[in-house]
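S.K.:
If you want it as structure tokens, here you go:
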């Protein structure tokens, strides 16, 4: 009897030991599983944090690059503007220097008495229209063409009958110039000045016509050494000497 009880007790003890071992094993598995899950969660969180940091770093790098690019563009624009301004200033200075260096354009001293003309009878030309030879230069122009003073001076003759030089001249004007010469304008249809009047170079003094000994509308122009008929010199050569082209 005593031996059977002992054997049963031993078996019961052995079963309890196995149950304890199994329970311990199951507990360890549970603990191990929880640890693995926690480790996985921690790894995922770390990965998410790393990814977020990488995105932020990339955004910061892109923003920095954009800022640098904008600064470079602004600098290039400023440099270009400065270059354009400098070029403009240089051009303006060169223009000013050239204008200062160039001689001032002088007002014309002598001019042709009419514009848009055709030269007809010339000085000293022979013909039946004159007592001897032609005393001036004829400018063929339409009746009523504007006649101007070939040079500034004072009107010393103005009127019909050649202003005292004879009916062959028709209506005429004579101007005395400061250099001791005189200019005469004849065959006029209208006179716009009077004796004693001071006129400027290029100022209108009359309108061309066909009065006096004339075969058609034209201006008879003379350069004289006195105010009177008979002292005429070659007007074309004289005007050429004054820089006037005919």
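In this note's numbering, the protein residues as written are 96 to 341.
Glycine residues also receive a C-beta, built at the ideal position from the N, C-alpha and C atoms.
None of these values were measured; they are calculated from a predicted model.
Mind checking who residue 313 pairs with in its DSSP beta bridge?
M.R.: Residue mapping note: residue 313 aligns to position 218 of the chain shown, counting from 1. Partner(s): 235, 304.
S.K.: At what residues does the beta strand (DSSP E) containing residue 259 begin and finish?
M.R.: Looking up residue 259 in the chain shown gives position 164. Careful: residue 259 lies outside any beta strand (DSSP E) and carries neither H nor E.
S.K.: Take the Cβ of residue 145 as the centre, count every other Cβ of all protein chains shown within 10 Å, and call the residue buried at 16 or more, exposed below.
M.R.: For the purposes of this step, residue 145 is taken as the residue at position 50 of the chain shown. Classification of residue 145: exposed, given that the 10 Å Cβ count is below 16.
S.K.: In this structure, does DSSP put residue 212 in helix, strand or coil?
M.R.: Along the chain shown, read from residue 1 onward, the residue named residue 212 stands at position 117. Correct three-state label for residue 212: coil.
S.K.: Name the residue from 250, 285, 149 whose alpha carbon lies nearest to the alpha carbon of residue 273.
M.R.: The residue labelled residue 273 in the question sits at position 178 within the chain shown. For the residues 250, 285, 149, the minimum Cα distance to residue 273 belongs to 250.
S.K.: Provide the residue span of the alpha helix (DSSP H) that contains residue 229, from first to last.
M.R.: As a position in the chain shown, residue 229 is number 134, starting the count at 1. Per DSSP, residue 229 belongs to no alpha helix (DSSP H) and is neither H nor E.
S.K.: Quick check on this structure: which residue in 229, 255, 205 has the alpha carbon closest to the alpha carbon of residue 276?
M.R.: For the purposes of this step, residue 276 is identified with residue 181 of the chain shown, where counting begins at 1. Comparing Cα positions, the closest option is 205.
S.K.: Mind checking who residue 272 pairs with in its DSSP beta bridge?
M.R.: Counted from its first residue, the chain shown places residue 272 at position 177. DSSP output for residue 272 lists 248 as bridge partner(s).
S.K.: Touch check for the region 257-265 and the region 232-241: three-plus C-beta pairs under 8 angstroms?
M.R.: The region 257-265 is not in contact with the region 232-241.
S.K.: What is the residue span of the alpha helix (DSSP H) that residue 341 lies within?
M.R.: One-based indexing of the chain shown puts residue 341 at position 246. Note, residue 341: premise wrong, no alpha helix (DSSP H); not H, not E.
S.K.: Could you check whether the region 286-295 touches the region 310-317, counting it as contact only if at least three pairs of C-beta atoms, one from each stretch, sit closer than 8 angstroms?
M.R.: Touching, no.
S.K.: Run through the DSSP bridge pairs and tell me what residue 323 is partnered with.
M.R.: As a working mapping, residue 323 is identified with position 228 in the chain shown. Beta-bridge pairing links residue 323 to no other residue.
S.K.: Exposed or buried, which one is residue 94 when buried takes at least 16 other CB atoms within 10 Å?
M.R.: In the structure as shown, the chain begins at 96 and stops at 341. Residue 94 is therefore absent and cannot be evaluated.
S.K.: Around the Cβ of residue 242, are there at least 16 other Cβ atoms within 10 angstroms (buried) or fewer (exposed)?
M.R.: Translated into the one-based positions of the chain shown, residue 242 becomes position 147. With 16 or more Cβ atoms within 10 Å of its Cβ, residue 242 is classed as buried.
S.K.: What residues are listed by DSSP as bridge partners for residue 266?
M.R.: One-based indexing of the chain shown puts residue 266 at position 171. Paired residues: 283.
S.K.: From the DSSP output, in three-state form, read off residue 291 for me.
M.R.: To locate residue 291, count along the chain shown from 1; it is residue 196. Three-state DSSP puts residue 291 in coil, outside helix and strand.
S.K.: Compare the Cα-Cα distances from residue 302 to each of 333, 270, 288 and report the closest residue.
M.R.: Taking the chain shown and counting its residues from 1, the one referred to as residue 302 is at position 207. The candidate whose alpha carbon is nearest that of residue 302 is 288.
S.K.: What is the residue span of the beta strand (DSSP E) that residue 243 lies within?
M.R.: Here residue 243 refers to the residue found at position 148 of the chain shown. Unbroken beta strand (DSSP E) run through residue 243: 241-243.
S.K.: Residue 230 to residue 307, Cα distance in whole Å?
M.R.: Counted from its first residue, the chain shown places residue 230 at position 135. Counted from its first residue, the chain shown places residue 307 at position 212. Going by the C-alpha atoms only, they are around 15 angstroms apart.
S.K.: From the DSSP output, read off the bridge partner residues of residue 299.
M.R.: For the purposes of this step, residue 299 is identified with residue 204 of the chain shown, where counting begins at 1. 243.
S.K.: Return the CA-CA distance between residue 129 and residue 167, expressed in angstroms with no decimal places.
M.R.: Numbered from its first residue, the chain shown carries residue 129 at position 34. Numbered from its first residue, the chain shown carries residue 167 at position 72. For residue 129, the predicted model reports a pLDDT of 48, less than 50, meaning its position is unreliable; a value from the coordinates is still stated below. Rounded to the nearest angstrom, the two C-alpha atoms are 57 angstroms apart.
S.K.: Can you list, in chain order, the residues of its chain whose CB lies under 6 angstroms from that of residue 329, leaving out five sequence neighbours each side?
M.R.: Residue 329 sits at position 234 when you count from the first residue of the chain shown. Result list for residue 329: 218, in chain order.
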